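Student: Just passing along the structure, written as structure tokens.
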Amino acid sequence: KIPSDSPIIRPINKGSVHRICAGQVILDLPSAVKELVENSLDAGATSIEIALRDYGKESFQVIDNGCGISPSNFKVLTLKHHTSKLADFPDLQSLTTFGFRGEALSSLAALGSLTVETRTKNEPVATHLSYDQSGLLVAEKKTARQIGTTVTVKNLFSNLPVRSKEFSRNTRKEYGKLISLLNAYALVSKGVRLVCTNTTGKNVKSVVLKTQGSGSLKDNIITLFGISTFNCLEPLSLCISDGCKVEGFLSKPGQGSGRNLGDRQFFFVNGRPVDMPKVTKLVNELYRGSNSQQHPIAIMNVTVPTGACDVNVTPDKRKVFFSDENSILHVLREGLQQIYSSSNARFSVNEVE
Ligand code: ADP
Ligand code: MG
């Protein structure tokens, strides 16, 4: 529609801006839980429990034994762009935490009902905090708790009609995506015990994922996927350049998984689970050259100097820009070709079985 007069430009009301932006940080259930798990990891937790009610639809809770939140932070905890991890833009260059944008808790407050229970080592008791949708602290009371933090979100998306309907319709699908994402965090988190439970309407609680907090990727793979899966994998270690390498595990030729494409494929940059479409495509393409009937399991971490990659591309930080992605792809192609394209690697699935 073309306006007849030049319309007046005015600021969008603050609360509405907040709701518009919050929906970009928290896209769905998996991204909501991911933010909380990352916060727990950033807080140095060695034990993290994710407790879902009705597959996350009714509520989800992340319980950690990290450093806790000090009382001086209670009022600013859920304010947009308030963070303890980054103060100035140049800090991004040397960032080692998952979070840095100070948007997760403020977004979750805007999109659901948020409460926090926390205690640091300096406090004799814990505090239970309730926030309203604008991130304002509305109630505070003392409670009993060990050192650490519990964040609870109820009724996610209840005030975003389309998203809420989508969530109801796709509850199981989002739950599946969440478990896969938690697998990624469970794989890379060394020395962190991770448990996820789901409680259904009839108060039946089941453990859906559990790791022991082992110190190695190998142990985490065995715990999550079993020793027989691990035995089908081949370690991968490629040097790209000074300070830049690719490491992980990949299906041996002919011993892939018959599951869907993308299932059990995990990509990380400096230990951060991310999407790397070009790397993913390359791995699958080269694997298919030696085994057209299965998909590879792939668990790959790309290590680059923190200044050589940019994770601040999308609010959910799943996308990464590299300063030299071509070198990574080039070395990876050559390395994978050696594994998959050598003549003895040309298996058919039947020969292997
Ligand atoms: P960011 O992680 O980008 O800093 P968040 O909104 O996720 O932003 O969190 C805001 C701040 O709250 C964090 O910087 C951190 O200081 C604190 N915080 C959040 N979750 C926890 C937690 N589980 N344990 C300790 N501190 C936390
Ligand atoms: Mg965060």
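Just add 3 to wherever you are in the sequence shown, counting from 1, and you've got full-length UniProt numbering.
From the three backbone atoms N, C-alpha and C, an ideal C-beta is built for every residue, glycine too.
For clarity, every value in this text was computed on a predicted model and none was experimentally measured.
Note down, one range per segment and in chain order, each alpha helix (DSSP H) of at least 4 residues found wholly within the UniProt domain "DNA mismatch repair protein S5" (224–344).
Tutor: 230–234, 280–293 and 328–343
Student: Taking just the CA atoms, how far does Asn-263 sit from Ile-300?
Tutor: 10 angstroms
Student: Counting only runs of 3+ residues fully inside the region 56–80, write out the beta strand (DSSP E) ranges in chain order.
Tutor: 62–67
Student: Looking at the unbroken beta strand (DSSP E) that takes in Leu-212, where does it start and where does it end?
Tutor: 208–213
Student: Who does Thr-118 pair with in a DSSP beta bridge?
Tutor: Thr-118 is bridged by DSSP to Ser-133 and Thr-155.
Student: Is it true that the CB of Ser-43 sits closer than 8 angstroms to the CB of Ser-71?
Tutor: Just to set this straight, residue 71 is Gly in the shown sequence, not Ser. No. Outside cutoff.
Student: Measuring only the C-alpha atoms, how far is Val-352 from Tyr-290?
Tutor: With a pLDDT of only 45 at Val-352, under the threshold of 50, the placement of this residue in the model should not be trusted; the figure read from the coordinates follows. Cα to Cα, the separation comes out at about 13 angstroms.
Student: Check for me: the beta strand (DSSP E) holding residue 358 runs from which residue to which?
Tutor: One cannot answer for residue 358 here, as it falls past the ends of the chain, which runs 4 to 356.
Student: For Leu-39, name the three-state secondary structure that DSSP assigns.
Tutor: Residue state, collapsed to three classes: helix.
Student: For the beta strand (DSSP E) containing Arg-172, name the first residue and the last one.
Tutor: The continuous stretches of beta strand (DSSP E) do not include Arg-172, which lies in the alpha helix (DSSP H) extending over residues 164–172.
Student: When every heavy atom of the ligand MG is checked, does at least one fall within less than 7 angstroms of the C-beta of Leu-337?
Tutor: According to the sequence provided, residue 337 is Glu. The question's Leu does not apply to it. No, Cβ of Glu-337 sits at least 7 angstroms from all heavy atoms of the ligand MG.
Student: Name the two residues that bound the continuous beta strand (DSSP E) containing Val-198.
Tutor: Residues 196–202.
Student: Kindly indicate the opening and closing residues of the alpha helix (DSSP H) around Ser-19.
Tutor: For Ser-19, the uninterrupted alpha helix (DSSP H) segment begins and ends at 17–28.
Student: Please work out which residues of its chain come closer than 6 angstroms, Cβ to Cβ, to Gly-338, disregarding the five sequence neighbours upstream and downstream, and give them in chain order.
Tutor: Leu-241
Student: Quick test of the definition: if touching needs 3 or more C-beta pairs under 8 angstroms, does the region 14–25 touch the region 302–311?
Tutor: no
Student: For Asn-42, verify whether its CB is less than 7 angstroms away from any heavy atom of the ligand MG.
Tutor: yes
Student: Can you have a look at Leu-55 and say buried or exposed, based on whether 16 or more other CB atoms are within 10 angstroms of its CB?
Tutor: buried
Student: For Lys-144 and Leu-132, what's the separation of their Cα atoms in angstroms?
Tutor: 7 angstroms
Student: Who pairs with Ser-192 in a beta bridge, going by DSSP?
Tutor: Answer is none; Ser-192 lacks a bridge partner.
Student: Is the beta carbon of Val-249 sitting closer than 8 angstroms to the one on Leu-111?
Tutor: no
Student: CB Ser-260 to CB His-298, shorter than 8 angstroms?
Tutor: yes
Student: If you run the structure through DSSP and keep just helix, strand and coil, what is Ala-112?
Tutor: It is helical.
Student: Output yes or no for whether 8 angstroms exceeds the beta carbon distance between Val-119 and Leu-80.
Tutor: Between Val-119 and Leu-80, the C-beta gap is smaller than 8 angstroms, which places the two residues in contact.
Student: Can you give the Cα-Cα distance for Lys-17 and Leu-30, rounded to whole angstroms?
Tutor: 20 angstroms
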